[in-house]
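S.K.: First, the structure itself, so that you have it in front of you.
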Amino acid sequence: MKIVMLGIRGVPARYGGLETCGEEVGARLVERGHEVICYCRTGSPDDGTSECRGIRRIELPRIKTKATDTYSHSFLAFWHALIKEKPDVILAFNPGIGTLCAIPKLFGCPVALNPDGFDWKRKKWGGFAKWFIHFNARVASRLADQMIIDAVSVRDYYASHFRYRREPLYIPNGAPVETSENPEIIKQYGLEKDGYFLFLSRFVPENSCEVIIKAFEGLKTDKKLFMGGGREQDSAYAAGIIRSTKDPRIIFPGGIYDPAHVKELHCGCYALLHGNQPGGTSLGLLKAMGYGTCCVTLNTPDNAYAVKNGSGVVYDLSPESLRARLQDLLDHPESVAEYRRKAVERIKEEYLWDVVTDKYENALKAIARTC
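Oh and the sequence shown: position 218 is 217 in numbering that gives the first Met the number 0, straight run, nothing missing.
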């Protein structure tokens, strides 16, 4: 098959879960003999690069504002793909481009769309933007030949609230299983093995930063809290988070982007503190589990599903709930070892990228054959 991917920032993945999914699935589809093209936005460090892991990169401009970035780039990408590349199937990402799925219908080209959770519920969007994204998600369900949903709760919502051409298909995000290769890296941050709790995510309200800090401040321990931020580290919200605590045990190192450092920070921590609130399967959580990390995650349907069967710990959205879970881990270090073992088992059970790619390949073949 000739497969076009669009709706993401591009490959290689440098930002979020959709980009990681696109790169990991796309590269494996290339290995299986398919031609894969990804439409990438100009203005990235990879401008001018012709391919990534066998995926051909095509760069197009966009209107660079928060509200128009994805939609404007995807509009151009749909037209360019259909006129110039003539793919067998299009794999689109992002619920906010659902109305654009009408374009491939003019050319008789099938399209699958992964909406990535409940994007319209995110606090970063204003009222009109939330309505627009929800409207596009509803339209996408009618126009797309296959909706691919990465979380059970989101799939159930789409199936019960929207009309669709085919029943929404659950295909989770994936993660590799990897172990520590250079444990000395964490010493660059003044850390020791099992001597710290880890937060490694964007500083945005949806990641429960305040709850995590307040929970840790009330914890009686010599361990540190390593709060690694993302691209929003310099935002007003992030600045307020950093100013909110005077606890010397809490470290704010800024963004951590080196993959080797990310892995070693996970492998060396006592436990990961994960506070992702929006619906959808968190790639950050899955990646941590694949590293064999003891994960303490916010109790949402999708987070709880990821760490089911005792492969992680869940807490309610309050400092008191999280603090109680952390104290229990401190009092029972043997349970930490068990959570680490079961986390790896859980990834092998459902989330390996090769298994995820099998499902994407079958889904794309199915609509390419019938449309």
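Glycine included, each C-beta is placed from N, C-alpha and C at the ideal position.
Could you check where the beta strand (DSSP E) with residue 219 kicks off and where it finishes?
M.R.: Within the sequence shown, numbered from 1, the residue matching residue 219 stands at position 220. It is not in any beta strand (DSSP E) - residue 219 carries neither H nor E in the DSSP assignment.
S.K.: Can you list the alpha helix (DSSP H) stretches of 4 or more residues lying completely in the stretch 141 to 217, in chain order?
M.R.: You should have 151 to 160 and 208 to 216.
S.K.: Select from 189, 23 and 68 the residue whose C-alpha is nearest the C-alpha of residue 174.
M.R.: One-based indexing of the sequence shown puts residue 174 at position 175. For residue 174, the nearest C-alpha among the options comes from 23.
S.K.: Please confirm whether residue 148 and residue 202 have their CB atoms less than 8 Å apart.
M.R.: The sequence position of residue 148 within the sequence shown is 149, counting from 1. The sequence position of residue 202 within the sequence shown is 203, counting from 1. For residue 148 and residue 202, no; Cβs fall outside 8 Å.
S.K.: Can you tell me which residues form a DSSP beta bridge with residue 111?
M.R.: The residue you call residue 111 lines up with position 112 of the sequence shown. Answer is 90 and 145, bridged to residue 111.
S.K.: Roughly how many angstroms separate the alpha carbons of residue 54 and residue 291, rounded to a whole number?
M.R.: Position 55 of the sequence shown, counting from 1, holds the residue named residue 54. Position 292 of the sequence shown, counting from 1, holds the residue named residue 291. Taking the straight line from one Cα to the other gives about 30 Å.
S.K.: With a cut-off of 8 Å on the beta carbons, I'd call residue 363 and residue 102 a contact; round off their distance for me.
M.R.: Here residue 363 refers to the residue found at position 364 when the sequence shown is read from its first residue. Here residue 102 refers to the residue found at position 103 when the sequence shown is read from its first residue. Going by Cβ atoms, the distance from residue 363 to residue 102 rounds to 18 Å, so no, they are not a contact pair.
S.K.: According to DSSP, is residue 13 part of a helix, a strand, or is it coil?
M.R.: Residue 13 sits at position 14 when you count from the first residue of the sequence shown. In the structure shown, residue 13 sits in coil (DSSP, three-state: anything other than H, G, I, E or B).
S.K.: How many Å lie between residue 189 and residue 9 at the Cα?
M.R.: Along the sequence shown, one-based indexing puts residue 189 at 190. Along the sequence shown, one-based indexing puts residue 9 at 10. Between residue 189 and residue 9, the C-alpha separation is close to 34 Å.
S.K.: Where does the unbroken alpha helix (DSSP H) through residue 270 begin, and where does it stop?
M.R.: For this step, residue 270 is matched to residue 271 along the sequence shown. Run containing residue 270: none in the alpha helix (DSSP H); it sits in the beta strand (DSSP E), 270 to 273.
S.K.: Residues in the same chain with beta-carbon distance under 6 Å from residue 217, minus the five sequence neighbours each way, listed in chain order, please.
M.R.: Within the sequence shown, numbered from 1, the residue matching residue 217 stands at position 218. Excluding residues within five positions, the ones whose Cβ falls inside 6 Å are 322.
S.K.: Can you find the residues in the same chain that come closer than 6 Å, C-beta to C-beta, to residue 92, ignoring five residues on each side of it along the sequence?
M.R.: Against the sequence shown, residue 92 aligns to sequence position 93. For residue 92, where only same-chain residues beyond five positions count, the Cβ hits under 6 Å are 6, 7, 17 and 113.
S.K.: In angstroms with no decimal places, state the Cα-to-Cα distance between residue 223 and residue 281.
M.R.: Here the question's residue 223 lines up with position 224 in the sequence shown. Here the question's residue 281 lines up with position 282 in the sequence shown. For residue 223 and residue 281, the distance between alpha carbons rounds to 24 Å.
S.K.: Which residue comes first and which comes last in the beta strand (DSSP E) that contains residue 70?
M.R.: Start at 1 with the first residue of the sequence shown, and residue 70 comes out as number 71. Per DSSP, residue 70 belongs to no beta strand (DSSP E); it is in the alpha helix (DSSP H), 68 to 79.
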